[in-house]
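Peer 1: At position 218 of the sequence shown (counting the first as 1) the number is 234 in our numbering, and the numbers step up by one without a gap.
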Amino acid sequence: MTEQLDDLYTARNLLYLGAYPQALNALSKVHARGAQELEQQSLKHRALLAQGQRTPLPMQPSALQTLGEQLGKPEAAQAVEPLLTKEHLSSPVFAAVTAQALWNERPDEALRVLAMHPKSPECLALSVALLLKLNRADLALKSVNSARAWAEDAPLAQLAEAWTGLHVGGEKYTEALYIFEELAQAVAGETPLLMNARAVARMHLGQVEQAEELLLRALGQNAKHADTLANLVVCAGLAGRPAETRAQYLAQLRDAAPDHPFVQDLAAKGAEFDQLAASFSQ
17 MTEQLDDLYT ARNLLYLGAY PQALNALSKV HARGAQELEQ QSLKHRALLA QGQRTPLPMQ
77 PSALQTLGEQ LGKPEAAQAV EPLLTKEHLS SPVFAAVTAQ ALWNERPDEA LRVLAMHPKS
137 PECLALSVAL LLKLNRADLA LKSVNSARAW AEDAPLAQLA EAWTGLHVGG EKYTEALYIF
197 EELAQAVAGE TPLLMNARAV ARMHLGQVEQ AEELLLRALG QNAKHADTLA NLVVCAGLAG
257 RPAETRAQYL AQLRDAAPDH PFVQDLAAKG AEFDQLAASF SQ
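#1: What would DSSP say about THR261, mapped onto helix, strand or coil?
#2: With DSSP as the reference, label VAL46 as helix, strand or coil.
#3: Determine the burial state of LYS102: buried for a count of at least 16 other Cβ atoms within 10 Å of its Cβ, exposed for fewer.
#4: Using the beta-carbon count (16 or more within 10 Å), is LEU146 buried or exposed?
#5: Between GLY256 and LEU40, what straight-line distance do the alpha-carbon atoms span, to the nearest angstrom?
#6: From this set, ALA141, PRO208, GLY186, which residue's C-alpha is nearest LEU232's C-alpha?
#7: Nearest to ARG28 by CA position, among ALA204, ASP290, LEU254, GLU229, is which residue?
#8: Where GLN223 and GLU177 are concerned, what is the direct C-alpha to C-alpha distance, given to the nearest angstrom?
#9: Going by beta carbon distance, what residues of the same chain come within less than 7 Å of LEU157, once the five residues before and after it are set aside?
#10: Skipping 5 residues on each side, what residues in its chain have a beta carbon closer than 6 Å to that of ASN151?
#11: Grab me the residues of ALA293's own chain with a C-beta within less than 8 Å of its C-beta, minus the 5 sequence neighbours each way, in chain order.
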């Protein structure tokens, strides 16, 4: 593998492990051309967006930039249409971003797009994450096991294996924790993303105090990190913290990320409870 490819490999892993400044630093050392230049632009764009910057670098084609800015929004499924061509989807860069745009509205199509690049660690990680979102841990585990033949040491493959372990449970909780700790030590350092992953594993293992410590450290790095606040709500409940503490974390989460799935799910359950209670009072 060339040095140029090594740099992109490192930057891609850092991006997925939540080490965004380090990813940008690695990318600044790359002088890419052709297809590698497109991936370099895409990685820079996504790292900047992940840090909350809404004026990322211009990208070509413009459809890819537009799509990147719409990820996670309802408009993403419409913005993806210009990229649903054989020419565009032949690139794993386009396939990865396109699949994320289809994630919520058209998950089956997203999986088909990712399957076009069976030897791409990024497409593997995304497909496993989507299968887990669809509660198909069996298929995610099958994908992870198949990838061991060609990507066993790839950090993205290890990340996908750890995600799957959290869903399978049992002894897999411990294995997932070890993987997250190894990735932190060997690749990315203490990022909020990896501290949250380790905290979730420890909560499943009944190690609530250690999980809370990790989450508070993550909150120290980023006081508005939505997943950290959501996990702190759960962890505070498991640790028996006062209701005021849980309410404070929840208020911070609602302020920082009102559209976070945890907030939306809690609101939906609250509405269902109110509706049920009203039916008994009639």
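For every residue, glycine included, the Cβ atom is placed at its ideal position computed from N, Cα and C.
Peer 2: Per the coordinate set shown:
#1: In the three-state scheme derived from DSSP, where H, G and I count as helix and E and B as strand, THR261 is classed as helix.
#2: Per DSSP, reduced to three states, the secondary structure at VAL46 is coil, with no helix or strand assignment.
#3: By the 16-neighbour rule on beta-carbons within 10 angstroms, LYS102 is exposed.
#4: The residue in question, LEU146, is buried, as its Cβ has 16 or more Cβ neighbours within 10 Å.
#5: GLY256 and LEU40 have their C-alpha atoms some 40 Å from each other.
#6: Out of ALA141, PRO208, GLY186, PRO208 has the C-alpha closest to the C-alpha of LEU232.
#7: Comparing alpha-carbon positions, the option among ALA204, ASP290, LEU254, GLU229 lying closest to ARG28 turns out to be ALA204.
#8: Straight-line Cα distance between these residues: approximately 21 Å.
#9: For LEU157, the CB contacts under 7 Å within the same chain, skipping 5 residues up- and downstream, are THR180, VAL184 in chain order.
#10: Taken in chain order, the list of residues that qualify is empty.
#11: Excluding five sequence positions before and after ALA293, none of the CB atoms of its chain fall closer than 8 Å to its own CB.
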